[in-house]
Structures are given as structure tokens and as C-alpha cells.
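Participant:
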Amino acid sequence: MQKIKTEKMRPSDIPSVAELDKKSLPESWSEENYKESLENPNYNILVAKFSGKIVGFISMYHALDEGYICNIAVDKSHRMCGIGTYLINETIKYSKNQNLRFLTLEVRESNTGAIKFYEKLGFTNVGIRKNFYSNPTENAVIMTLYF
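Everything in the sequence shown is counted per my numbering, starting at 1000 for the first residue and increasing by one.
(1) From the DSSP output, which residues share a beta bridge with Arg1128?
(2) Of the residues Ile1003, Lys1052, Val1106 and Thr1123, which one's Cα is nearest the Cα of Cys1069?
(3) Buried or exposed: Thr1136, going by 16 or more other Cβ atoms within 10 Å of its Cβ?
(4) Quick one: grab the DSSP three-state call for Ser1027.
(5) According to DSSP, is Ala1017 part of a helix, a strand, or is it coil?
(6) Can you give me the start and stop residues for the beta strand (DSSP E) that Phe1116 sits inside?
(7) To which residues of the same chain is Lys1067 closer than 8 Å at the C-beta, ignoring the five residues directly before and after it?
(8) Within the 9 Å Cβ cut-off, does Lys1129 reach chain B?
(9) Is Lys1048 helix, strand or coil by DSSP?
(10) Asn1096 by DSSP, collapsed to three states: which one?
(11) Report, in whole angstroms, the separation of the C-beta atoms of Leu1120 and Thr1084, which I expect to be a contact under 8 Å.
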């Protein structure tokens, strides 16, 4: 039986990551966004692969001692298998190794499943960003994990 393998994103992964992002998130990044992020040493992007196919990814940015999760997605066919948890936990380890003070993200206010998922991993609701999302317009819940 094949198992999930995680690794840093490579240039050859960009089309698959951008496609998964587009399927999963209304505010998706373009291939060019991922190319620029991959060239920036302040970004850490991990992919999860099953049988050589990308089934999940997480991107995060760090500045000074602050960490920001930009995007996380898992292919619908591989959800509820622990991939998202594993990707977040690997990002937490990376953040701690970088001596970051916290890791934060935004999530749609209506996405109660994701909010519960992040809370289970230790993130707390620290505020609201009014009208942060578009298509449809919606507030974002700011979720932060302090180290």
C-alpha cells in the first residue's frame, strides 16, 4: 500500500499545486504567484503526494518572528485522512525551528469545520477581518497559535 509522502514544493510541482488551489479555494493563487513564492526564501511550501500525485499542500510566509499560513488545501478524494493535520504539524515544526513567536491564518467565518479543525490543533480565534473575502464577501476569522 502506498503512503503519503511530504516534501518541499519544486518548480515542477507548481502546475499541480495551482490546479489544486483553484479547485479548493475561491481566492486561489496563479502559477506565477507560486513561482515567485518558491523563489522567496521567506516562504515554505510543502506538498503531500500519493502515488506521485499531489493531493495536498500548505504555503506559509515568515517575516521577522511571525508566521503566516497563506494557503492549505487537500484534494477532496484524500480529505479526512490526516493529510491536513500532518501538513499543519510540519509547518508548526518548521515555525518553531525558525524561532517564530506565532503562526496565524485567516478562515472564512462560515467555514465552521475548518475553524474547529484549527482549534483542535491549538489555534485560537484572535479577531475578525471585516469583509476580507470576496465571491461572496465575508468576514475572516483570524486564528493564531502562539509558541
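Backbone N, C-alpha and C define an ideal beta-carbon position, used for all residues, glycine too.
Facilitator: Considering the structure as presented:
(1) Sequence index remark: in the sequence shown, residue 1128 carries index 129 (1-based). According to DSSP, Arg1128 bridges with Ala1139.
(2) By one-based count along the sequence shown, residue 1069 stands at place 70. Answer by Cα proximity: Val1106.
(3) For the purposes of this step, residue 1136 is identified with residue 137 of the sequence shown, where counting begins at 1. When all chains shown are included, Thr1136 counts as exposed.
(4) Numbered from its first residue, the sequence shown carries residue 1027 at position 28. Collapsing the DSSP output to three states places Ser1027 in coil.
(5) Sequence index remark: in the sequence shown, residue 1017 carries index 18 (1-based). Reduced to three states, the DSSP call for Ala1017 is helix.
(6) For the purposes of this step, residue 1116 is taken as the residue at position 117 of the sequence shown. Taken as a continuous stretch (DSSP letters only), Phe1116 belongs to no beta strand (DSSP E), being part of the alpha helix (DSSP H) at Thr1111 to Lys1119.
(7) Numbered from 1 along the sequence shown, position 68 holds the residue referred to as residue 1067. A small fix is needed here, since residue 1067 is Tyr in this sequence, not Lys. Closer than 8 Å at the Cβ level, and outside the excluded window around Tyr1067, lie Met1059, Tyr1060, His1061, Leu1102, Thr1103 and Leu1104.
(8) The structure shown contains no chain B; it holds only a single protein chain.
(9) As a position in the sequence shown, residue 1048 is number 49, starting the count at 1. DSSP places Lys1048 within a strand segment (E or B) once states are collapsed to three.
(10) Within the sequence shown, residue 1096 is the residue found at index 97, counting from 1. Collapsing the DSSP output to three states places Asn1096 in a helix.
(11) Here residue 1120 is taken as the residue at index 121 of the sequence shown, counted from 1. Here residue 1084 is taken as the residue at index 85 of the sequence shown, counted from 1. About 7 Å separates the two Cβ atoms, so the contact holds.
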